[in-house]
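Quick note on my numbering: the sequence shown kicks off at 42 and runs consecutively.
Cβ atoms here follow ideal geometry from the backbone N, Cα and C, with glycine treated the same way.
Since the structure is predicted, the reported quantities are computational estimates derived from the model, not experimental observations.
Before any comments, here is the structure.
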Amino acid sequence: MYDLSNYAYIVGRVRALETQMLDQNNLERLIDAPRAEDAFRVLNDLPLVTESMGDHGVRDFQKILLESLKSLKGMLIQMAPYPEVLNFLWHKYDFHNLKVVLKAKFMEYGYADIEHALINIGTIPLSDFEGYLLEDSKINLGADLPTVIKHARVAYEKTPNPQIVDLEIDHYYLSVLQRIVSSTNSSLLSAYLVNLIDASNLLTFIRCHELKRELPYLKQMLFDGGRISLELFISAFERGYDELKQILEPRMYTENLVFILEAFMEDRNLLMAEKKMMEGQQQFMQEAQKIAFGPEPVFAFYWRFENHLQIIRTVLVAKLNRSPSNDLRKQVLAL
42 MYDLSNYAYI VGRVRALETQ MLDQNNLERL IDAPRAEDAF RVLNDLPLVT
92 ESMGDHGVRD FQKILLESLK SLKGMLIQMA PYPEVLNFLW HKYDFHNLKV
142 VLKAKFMEYG YADIEHALIN IGTIPLSDFE GYLLEDSKIN LGADLPTVIK
192 HARVAYEKTP NPQIVDLEID HYYLSVLQRI VSSTNSSLLS AYLVNLIDAS
242 NLLTFIRCHE LKRELPYLKQ MLFDGGRISL ELFISAFERG YDELKQILEP
292 RMYTENLVFI LEAFMEDRNL LMAEKKMMEG QQQFMQEAQK IAFGPEPVFA
342 FYWRFENHLQ IIRTVLVAKL NRSPSNDLRK QVLAL
């Protein structure tokens, strides 16, 4: 069990670093900038980004934002009393990369075809993913990974759709996160993971339904550990989304799930449903501000910075495409 008092230094540092992030004033300057170059200059007032700018210009903004994230990762690892707990953050990128590489493997793509889609922030070097794709070399993401990959291949051969890979790997990803959270003794992280499991089970329900997989496969892919009984998803599967919505609506702790389901039902777009799912981080970040010692404020700080970089990315893409500021303002939420 970890001694939470050892987080005093890093929590104090991230509280100080929060003053260097994007604020509402700089967001307004970004949005109102007449040209992309003018918006890019606003980044000079953001110390956590400025250090990665170098001689880059506005069209190199993707590289700058990625380097900013990598720089912050390195800083947090150096300050963290228990760096392994931060793998909860970095594994998101590892499992994203794993999905990309497995899809390439199953569809017989080369590394050059997917290199642009890999994100070099996780715990696993990109060279390891390249080695797996080309030579079947080992990826160090847990002892159970070879079995998971084998199962994913069998499932993909039966239903040759990339979403099958997402289903299989997301299930394993949750088990890895669960092990990390159990070591922290954090009630807030546990609550966050419970909500994440519920939302993931809903997305599993949707994916299985869209892929026309049979009920036994859904039962296998649902992950135990959420507030919502797995039997609820199982009982609604044969009757579809309207039935699931009716079952969810009167129950406690299902408001966000109904929100996600409605987002999908509106336009059958999983990306929008996944975006709604990620909004659960906002509630976590608000609660984390109340905690003096522990990993929670560190997680919240990193996620906030990640969100701010996404806002900057959205603004700069719009400016390069000469989108009107009023249209852009509708896309970007207040901080």
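### Message
Between Y43, I269, R280, which has its C-alpha nearest P291's C-alpha?
### Response
Position 250 of the sequence shown, counting from 1, holds the residue named residue 291. Residue I269 is the option with its Cα nearest to P291.
### Query
Can you name, in chain order, every residue of its own chain whose Cβ lies under 7 Å from the Cβ of L106, other than the five neighbours on each side?
Counting from 1 along the sequence shown, the entry for residue 106 is found at position 65. Within the same chain, L106 has close Cβ partners L350, I353, R354.
### Message
Spatial neighbours of L84 within its chain, please: C-beta separation below 6 Å, excluding the five flanking residues on both sides.
### Response
Locating residue 84 in the sequence shown gives position 43, where the first residue counts as 1. Cβ within range, chain order: V90.
### Task
Output the boundary residues of the alpha helix (DSSP H) element that contains A195.
Start at 1 with the first residue of the sequence shown, and residue 195 comes out as number 154. Rather than Ala, the amino acid found at residue 195 in this sequence is Val. Taken as a continuous stretch (DSSP letters only), the alpha helix (DSSP H) holding V195 covers 186 to 199.
### Query
Would you call the region 203 to 210 and the region 133 to 146 touching, i.e. three or more CB-CB distances under 8 Å?
Below 8 Å, enough C-beta pairs join the region 203 to 210 and the region 133 to 146 to call them touching: three or more.
### Query
Just how far apart, CA to CA, sit V339 and K199?
The sequence position of residue 339 within the sequence shown is 298, counting from 1. The sequence position of residue 199 within the sequence shown is 158, counting from 1. Going from the Cα of V339 to the Cα of K199 covers about 42 Å.
### Query
What do you get for A333, buried or exposed, if any count of 16 or more other CB atoms within 10 angstroms of its CB means buried?
For this step, residue 333 is matched to residue 292 along the sequence shown. By the 10 Å Cβ count, A333 comes out exposed.
### Query
Would V52 be called buried (16 or more neighbouring beta carbons within 10 Å of its own) or exposed?
Here residue 52 is taken as the residue at index 11 of the sequence shown, counted from 1. Classification of V52: buried, given that the 10 Å Cβ count is 16 or more.
### Task
Give the range of the alpha helix (DSSP H) segment to which S178 is assigned.
The residue given as residue 178 occupies position 137 in the sequence shown. Taken as a continuous stretch (DSSP letters only), S178 belongs to no alpha helix (DSSP H), as it is neither H nor E.
### Task
Under 8 Å by Cβ, that's how I've got L289 and L302 pegged, so tell me the actual separation to the nearest angstrom.
Locating residue 289 in the sequence shown gives position 248, counting from the first residue. Locating residue 302 in the sequence shown gives position 261, counting from the first residue. About 7 Å separates the two Cβ atoms, so the contact holds.
### Task
Just the C-alpha distance for R54 and S241, rounded to the nearest angstrom, thanks.
Along the sequence shown, one-based indexing puts residue 54 at 13. Along the sequence shown, one-based indexing puts residue 241 at 200. When rounded, the distance between both Cα atoms is 33 Å.
### Task
Tell me where the alpha helix (DSSP H) around P122 begins and ends.
Locating residue 122 in the sequence shown gives position 81, counting from the first residue. Premise fails: P122 is in no alpha helix (DSSP H) and is neither H nor E.
### Query
How would you label I238, buried or exposed, when you count the other beta carbons within 10 angstroms and need 16 or more for buried?
Residue numbering aside, residue 238 sits at position 197 when the sequence shown is read from its first letter. Flag for I238 reads buried.
### Three-state class that DSSP yields for Q330 in the structure shown
Residue 330 sits at position 289 when you count from the first residue of the sequence shown. Coil, per DSSP.
### Query
Exposed or buried, S227, counting other C-beta atoms within 10 Å across all chains shown (16 or more means buried)?
Within the sequence shown, numbered from 1, the residue matching residue 227 stands at position 186. Classification for S227: buried.
#### Entry: C-beta atoms of N128 and T164 nearer than 8 Å
Numbered from its first residue, the sequence shown carries residue 128 at position 87. Numbered from its first residue, the sequence shown carries residue 164 at position 123. Yes; because the gap between Cβ atoms is below 8 Å, this pair is in contact.
### Task
Along the alpha helix (DSSP H) that carries R248, what are the first and last residues, could you check?
Position 207 of the sequence shown holds residue 248. Where R248 is concerned, the enclosing alpha helix (DSSP H) stretches over 228 to 251.
### Task
Counting only the same chain and skipping the five closest in sequence on each side, list residues whose C-beta sits under 6 Å from that of M306.
The residue given as residue 306 occupies position 265 in the sequence shown. Within the same chain, M306 has close Cβ partners Y282.
### Message
Quick check on DSSP: helix, strand or coil for E296?
### Response
Looking up residue 296 in the sequence shown gives position 255. Here E296 sits in helix by DSSP.
### Message
According to DSSP, simplified to helix, strand and coil, what is T60?
### Response
Here residue 60 refers to the residue found at position 19 of the sequence shown. Helix, per DSSP.
### Message
I need the DSSP call for H97, collapsed to helix, strand or coil.
### Response
Numbered from its first residue, the sequence shown carries residue 97 at position 56. Coil.
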